[in-house]
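So the structure is just underneath, and the comments pick up after that.
Chains as they are written, first to last, in UniProt numbering: chain A, 1 to 412; chain B, 1 to 412.
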């Protein structure tokens with residue numbers, strides 16, 4: 001059954017979600033997009049029409065919305081008659097938008113964990129700090145709420161589940177590796193909201209090892225990976241949303257997240273952080289103006305969406321999953337390779353936005369067709385991975401595996 | 001005759017000026033200090049009393065003043081009955097304070113060229129853009145206004161004049177070199193107001209060569225100098241106030257200014273500049289707040305005054321002056337070496353503030369004793385250098401010369 005969709009947000013990921021929803025509006029139904037700045041939504045819809053992305057004639061409307069305003073969000077959900085909300089606005093909105101969905105009885109999908117503006121890299125358990133507190137209410141009311149349905153978290157959770165279901169008898173280690181081997185040609189830019197990007201890396205690094213949280217400093221532990229297509233790349237241990245949910249849902253396995261960084265990124269990050277410019281806490285200028293340094297850094301940096309036209313190169317994101325198979329140690333690497341230029345040509349966004357946005361639409365399609373309409377809150381690894389990865393393969397993100405030194409496509 | 005002094009400003013340089021005025025209140029008279037934040041003035045006066053710096057019993061009062069408010073400044077000058085104003089507030093105040101002095105008939109001394117908040121590294125002629133426009137009025141009214149009476153500009157101007165008067169028949173090249181070989185132990189800090197510090201280096205670099213302005217980029221032209229005490233140090237061609245006045249007052253000579261920078265400073269500066277964080281032009285945050293990035297960087301960096309307690313090492317600032325003597329090429333290096341720790345022990349400030357503040361007090365003493373009370377506007381190189389350098393030698397900054405490979409004290 002077709003389900004109408006409301007997209008919240010109007011950044012690079014929302015652009016991808018809008019295009020992919022349009023391309024699949026035979027499965028989804030009427031489309032709506034809302035953000036604080038309506039003109040951004042208008043521009044996205046215009047680009048959808050320019051690319052003739054709507055698979056069949058259909059509604060696609062823009063709305064102005066402050067999604068922190070729960071009542072306004074509920075009113076928009078009711079006015080538009082949507083059954084699914086895809087929240088790809090800033091991570092500060094999650095709790096408000098989820099509340100609005102629970103109150104109106106519609107499905108909720110997001111791509112990143114909730115954050116409070118004043119708190120950076122909170123102490124785990126992250127999902128349990130916010131989202132999971134509403135799990136019981138979702139179950140009672142029969143609300144489908146799919147958490148972290150981007151690429152990482154999201155697809156990488158499905159990869160872990162797939163490895164457990166199909167390739168290993170027992171999982172002992174999950175190492176998620178996220179490498180962007182692309183180049184945007186700017187002096188410095190982040191690939192998604194700088195505020196969220198930097199906040200990920202300014203606090204303590206948490207990983208789940210030997211049944212407990214281990215803490216490290218950012219850039220303390222680095223490792224060179226040799227990956228398909230992108231080759232040898234240095235990645236660093238970071239905290240990340242999915243480390244928490246996988247630690248719980250893949251009991252007995254160590255869970256680590258590794259992000260690739262070049263020396264230039266690390267240098268810029270280190271300078272900004274050490275000076276205090278990545279702080280979420282307000283400082284007062286000599287003139288008495290209170291201002292959050294991180295928000296000023298964000299205002300100075302290129303809009304991630306603006307990087308797309310000149311972005312070149314590829315991303316490789318996947319899971320090294322290690323464990324026991326037929327009594328012997330075994331490891332698989334399940335991954336995707338995406339291309340910045342191809343993403344831009346298809347939907348007008350760069351590859352990082354593409355890999356984050358397409359899975360949210362696949363999840364919406366799974367909710368619409370019932371396969372993931374589970375009437376409760378779920379992280380992606382709790383849901384059947386194969387139909388999701390099959391859908392992703394069809395709509396733009398193929399899944400590959402490297403096993404016993406051989407690489408082959410699983411869902412393409 | 002004793003003359004009462006009003007110090008404007010309450011930063012690191014003002015701290016030095018306050019202590020040195022106190023130490024010489026037999027030549028100067030009643031002392032007053034004013035800034036926007038009166039508590040900073042109170043703290044400075046407290047430190048003066050702690051060090052028992054007043055040479056003889058005398059007045060030292062604190063006042064709250066927005067020195068951009070000309071009428072308020074005039075009222076304070078009249079109420080306190082001062083005859084000399086030492087302006088060591090931000091360089092944005094010069095024109096307002098000078099106006100107040102001209103209207104009330106008192107002497108004016110500053111240590112840096114006027115700046116307008118919205119304009120960075122204006123096109124030369126710098127002094128002619130602002131200060132020198134008031135030269136005729138000063139002359140008519142008999143106002144003594146001594147411009148740039150810090151170390152550089154200031155003492156280095158006197159060094160150039162001394163070289164011309166005493167060591168060369170004709171001056172062909174003046175290379176002012178400013179090396180801070182000290183260490184404050186912080187990740188990053190500027191030695192004086194970060195806003196003024198960075199503004200010096202974000203624009204085009206101007207030097208005076210072959211009778212015209214030459215333009216370069218910052219850090220484009222570097223040179224290793226081998227200097228007394230501090231040894232081999234890399235310095236870079238920069239624009240600086242005194243290049244302009246010396247170009248005019250030392251006709252026929254090339255004038256260049258070289259500032260020492262370590263690789264770490266250059267890296268931090270480059271990152272901040274390339275990202276746009278050193279811009280004086282407001283940006284708008286996603287929340288709609290208009291803010292000048294440079295002012296936020298300033299708010300994040302350590303207060304220069306706070307560096308003093310742990311500052312170690314020495315500065316070396318001087319002039320390489322080249323020309324013709326008895327028909328042959330000849331060069332002298334006239335310089336001072338200052339020590340951060342000694343400065344802190346004496347006046348509670350680091351060496352950079354010390355070298356900037358002591359000369360302004362020497363200038364005030366010269367105005368008080370009549371030797372520099374010239375009843376007109378003047379840059380330091382237009383005034384007799386020897387009594388000024390003698391005074392400086394007595395009150396804390398000795399002058400040395402390296403000539404024919406030998407170093408010796410001139411005024412110590």
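We put the beta carbon where it would ideally sit given N, CA and C, even for glycine.
Min CB distance residue i to chain A below 8 angstroms
{"i": "residue 276/B", "result": "yes"}
{"i": "residue 219/B", "result": "no"}
{"i": "residue 94/B", "result": "no"}
{"i": "residue 97/B", "result": "no"}
{"i": "residue 286/B", "result": "yes"}
{"i": "residue 296/B", "result": "yes"}
Exposure label - residue i; buried when at least 16 CB within 10 Å
{"i": "residue 319/A", "result": "buried"}
{"i": "residue 105/B", "result": "exposed"}
{"i": "residue 1/A", "result": "exposed"}
{"i": "residue 86/A", "result": "buried"}
{"i": "residue 12/A", "result": "buried"}
{"i": "residue 207/A", "result": "buried"}
{"i": "residue 115/B", "result": "buried"}
{"i": "residue 413/B", "result": "Because chain B is modelled from 1 through 412, residue 413/B falls outside the range shown and cannot be assessed."}
{"i": "residue 39/B", "result": "exposed"}
{"i": "residue 169/B", "result": "exposed"}
Range covered by the alpha helix (DSSP H) that runs through residue i
{"i": "residue 208/A", "result": "Per DSSP, residue 208/A belongs to no alpha helix (DSSP H); it is in the beta strand (DSSP E), 205-209."}
{"i": "residue 13/A", "result": "12-23"}
{"i": "residue 201/A", "result": "194-201"}
{"i": "residue 165/B", "result": "Neither: residue 165/B is in no alpha helix (DSSP H) and is coded neither H nor E."}
Enclosing beta strand (DSSP E) for residue i [first to last residue]
{"i": "residue 176/A", "result": "170-180"}
{"i": "residue 321/B", "result": "314-325"}
{"i": "residue 345/B", "result": "Segment 340-347 is the alpha helix (DSSP H) holding residue 345/B; no beta strand (DSSP E) there."}
{"i": "residue 261/A", "result": "Here residue 261/A belongs to no beta strand (DSSP E), and DSSP marks it neither H nor E."}
{"i": "residue 114/B", "result": "Taken as a continuous stretch (DSSP letters only), residue 114/B belongs to no beta strand (DSSP E), as it is neither H nor E."}
{"i": "residue 381/B", "result": "Element bounds for residue 381/B: n/a, residue is neither H nor E."}
{"i": "residue 215/B", "result": "212-216"}
{"i": "residue 295/A", "result": "Taken as a continuous stretch (DSSP letters only), residue 295/A belongs to no beta strand (DSSP E), being part of the alpha helix (DSSP H) at 293-300."}
{"i": "residue 224/B", "result": "222-227"}
{"i": "residue 97/A", "result": "No beta strand (DSSP E) holds residue 97/A; the alpha helix (DSSP H) holding it covers 94-104."}
For residue i, three-class secondary structure by DSSP
{"i": "residue 67/B", "result": "coil"}
{"i": "residue 393/B", "result": "helix"}
{"i": "residue 400/A", "result": "strand"}
{"i": "residue 330/A", "result": "strand"}
{"i": "residue 237/A", "result": "strand"}
{"i": "residue 410/A", "result": "strand"}
{"i": "residue 357/B", "result": "helix"}
{"i": "residue 122/A", "result": "coil"}
{"i": "residue 32/A", "result": "strand"}
{"i": "residue 127/A", "result": "helix"}
{"i": "residue 187/B", "result": "coil"}
{"i": "residue 44/B", "result": "helix"}
{"i": "residue 351/A", "result": "helix"}
Residues that residue i contacts on chain B, provided the C-beta gap is smaller than 7 angstroms
{"i": "residue 420/A", "result": "Lying outside 1 to 412, the shown extent of chain A, residue 420/A is not represented and no answer is given."}
Beta carbon proximity, residue i to chain B, threshold 8 angstroms
{"i": "residue 289/A", "result": "yes"}
{"i": "residue 188/A", "result": "yes"}
{"i": "residue 414/A", "result": "Nothing in the structure corresponds to residue 414/A, since chain A is present only between 1 and 412."}
{"i": "residue 129/A", "result": "no"}
{"i": "residue 249/A", "result": "no"}
{"i": "residue 404/A", "result": "no"}
Contacts of residue i in chain B (Cβ-Cβ under 8 angstroms)
{"i": "residue 88/A", "result": "Those do not exist, as residue 88/A stays about 16 angstroms from chain B at its closest Cβ, beyond 8 angstroms."}
9 angstroms Cβ cut-off: residues of chain A touching residue i
{"i": "residue 267/B", "result": "267, 271"}
Check: residue i C-beta below 7 angstroms from any heavy atom of the ligand MG
{"i": "residue 230/A", "result": "In the structure on display, the ligand MG does not appear, and there are no ligands present to speak of."}
Chain B residues whose Cβ lies nearer than 9 angstroms to that of residue i
{"i": "residue 367/A", "result": "Residues of chain B passing the Cβ test: none, with the nearest at roughly 30 angstroms."}
Cutoff 8 angstroms: residue i Cβ touching any chain C Cβ
{"i": "residue 135/B", "result": "In the structure shown, chain C cannot be found, because the protein chains are A and B."}
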